[in-house]
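*Asks:* With the sequence shown counted from 1, adding 154 to any position gets you the numbering used here. Where a beta carbon is used, it is the ideal one built from N, C-alpha and C, also for glycine.
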Amino acid sequence: MTLQELHALIVETLPAMPRQVAQAARHIADHPDEVLIHSMRDLASRAGVSPATLLRLAQSLRFDGWAEFRAVYAQDLRRAPEAYAERASRALDRSGVPALLQESFVAQRANLDHTVGVNPPEAFARSAALLAAADRVFISAFMSCRGPGLTFAYLCRMLRDNVFLLGGDASPLAADLALLRPTDAVLTINFQPYGQEIDKIASAVADSGAKLVCLSDSRATQATRVAEETLLFSVEGPSFFPSLTAAHLLVESLAISILAHLGDEATRRIRQIENAYYTSGTYSAVNNQRRTS
Numbered sequence: 155m156t157l158q159e160l161h162a163l164i165v166e167t168l169p170a171m172p173r174q175v176a177q178a179a180r181h182i183a184d185h186p187d188e189v190l191i192h193s194m195r196d197l198a199s200r201a202g203v204s205p206a207t208l209l210r211l212a213q214s215l216r217f218d219g220w221a222e223f224r225a226v227y228a229q230d231l232r233r234a235p236e237a238y239a240e241r242a243s244r245a246l247d248r249s250g251v252p253a254l255l256q257e258s259f260v261a262q263r264a265n266l267d268h269t270v271g272v273n274p275p276e277a278f279a280r281s282a283a284l285l286a287a288a289d290r291v292f293i294s295a296f297m298s299c300r301g302p303g304l305t306f307a308y309l310c311r312m313l314r315d316n317v318f319l320l321g322g323d324a325s326p327l328a329a330d331l332a333l334l335r336p337t338d339a340v341l342t343i344n345f346q347p348y349g350q351e352i353d354k355i356a357s358a359v360a361d362s363g364a365k366l367v368c369l370s371d372s373r374a375t376q377a378t379r380v381a382e383e384t385l386l387f388s389v390e391g392p393s394f395f396p397s398l399t400a401a402h403l404l405v406e407s408l409a410i411s412i413l414a415h416l417g418d419e420a421t422r423r424i425r426q427i428e429n430a431y432y433t434s435g436t437y438s439a440v441n442n443q444r445r446t447s
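Pasting the structure below:
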């Protein structure tokens, strides 16, 4: 069993678990790195349950004991990220485009379900409050993560001023990071294999005292170690390239959560920007007719 399959099983069976077992399952789903870092007794203490409850959890998930359950996490830690070329070659081995598409849609639904299951609403609320309260918000999203980073920047600029995308053509990353202040917040988006920027972001946040919200495929990265909040997304799928569907879910959910924190002021700002789009002709004439009808 892979770690992703185990987490999917936890999410699927969680509603039927006894209360204490469910409490242990939620803690492990939210803090998977602790399974290897802590002893069974210490992990049980952190989860607020007894060691016997962890054993009951492992057995309810079809493991003979705790050692077998823990081995899934150890195996995942040892596994190196698969090269994109190898993923592409494996995708070509599928039996035709319809089968590949079907598998892709199934994988995306599983990624979304997993992302919802491992990120409690309270984590979204804390992350949104942190970003809404910051004087400035900087977005660290490079290479393939640029897509969800741009989406978050676009949405948040409709809600508030002083939202910046790090590493733009006109501003080197080192220059942007040198200006971080304790009242700033950084949102970083990354997945394995991690770009070199992740080390620079983590170091700059630690040195400046800025707050960090990390969207990642793992809780055990250079950035998550200094993050105030971490939200997880899964990148699994049959394609040659990791899926970012769940990452887009996170940034859109974060944006709506920030709107809830900012309230009426942000709503008025959205209405002002929307009206400007119509009056300037940014939206098409058809949209203008619908708007005024």
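Look up Phe278 in the DSSP assignment and say whether it is helix, strand or coil.
*Replies:* Counting from 1 along the sequence shown, the entry for residue 278 is found at position 124. Residue state, collapsed to three classes: helix.
*Asks:* Hey, would you say Leu369 sits closer than 9 angstroms to Leu404, going by beta carbons?
*Replies:* The residue given as residue 369 occupies position 215 in the sequence shown. The residue given as residue 404 occupies position 250 in the sequence shown. Going by C-beta atoms, Leu369 is nearer than 9 angstroms to Leu404.
*Asks:* Rounded to a whole number of angstroms, what is the C-alpha to C-alpha distance between Lys365 and Glu383?
*Replies:* Taking the first residue of the sequence shown as 1, we reach residue 365 at position 211. Taking the first residue of the sequence shown as 1, we reach residue 383 at position 229. Looking at the two C-alpha atoms, the distance is approximately 9 angstroms.
*Asks:* Compute the Euclidean distance between the alpha carbons of Arg290 and Thr436, then round it to the nearest angstrom.
*Replies:* If you number the sequence shown from 1, residue 290 lands on position 136. If you number the sequence shown from 1, residue 436 lands on position 282. Straight-line Cα distance between these residues: approximately 27 angstroms.
*Asks:* I'd like the list of long-range same chain contacts for Gly271, defined as Cβ closer than 6 angstroms, with 5 residues on each side in sequence excluded.
*Replies:* Taking the sequence shown and counting its residues from 1, one reaches residue 271 at position 117. Here the set comprises Val165.
*Asks:* Tell me whether Ala198 sits in a helix, a strand or coil according to DSSP, three-state version.
*Replies:* As a position in the sequence shown, residue 198 is number 44, starting the count at 1. Helix at Ala198.
*Asks:* Roughly how many whole angstroms lie between the Cα atoms of Leu341 and Leu331?
*Replies:* Looking up residue 341 in the sequence shown gives position 187. Looking up residue 331 in the sequence shown gives position 177. Their Cα atoms are separated by approximately 13 angstroms.
*Asks:* Pull up the DSSP beta-bridge partners for Lys365, would you.
*Replies:* Counting from one through the sequence shown, the residue named residue 365 turns up at place 211. Answer is Ala339.
*Asks:* Grouping DSSP H, G and I as helix and E and B as strand, with all else coil, what is Val380?
*Replies:* Taking the sequence shown and counting its residues from 1, the one referred to as residue 380 is at position 226. Three-state DSSP puts Val380 in a helix.
*Asks:* Who are the near neighbours of Phe278 in its chain, counting only those whose CB is closer than 8 angstroms to its CB and skipping five residues on each side?
*Replies:* For the purposes of this step, residue 278 is identified with residue 124 of the sequence shown, where counting begins at 1. These residues qualify, in order along the chain: Leu385, Ser407, Leu408 and Ser411.
*Asks:* Give the single residue among Ile424, Ser372 and Arg195 whose Cα lies nearest to the Cα of Leu313.
*Replies:* In the sequence shown, residue 313 corresponds to position 159, counting from 1. Comparing Cα positions, the closest option is Ile424.
*Asks:* Check whether the Cβ atoms of Thr156 and Val203 lie closer than 9 angstroms to each other.
*Replies:* Your numbering for residue 156 matches position 2 in the sequence shown. Your numbering for residue 203 matches position 49 in the sequence shown. The Cβ atoms of Thr156 and Val203 do not sit closer than 9 angstroms to each other.
*Asks:* So, is Phe296 buried or exposed, given that buried needs 16 or more other C-beta atoms within 10 angstroms?
*Replies:* For this step, residue 296 is matched to residue 142 along the sequence shown. Phe296 should be labelled buried.
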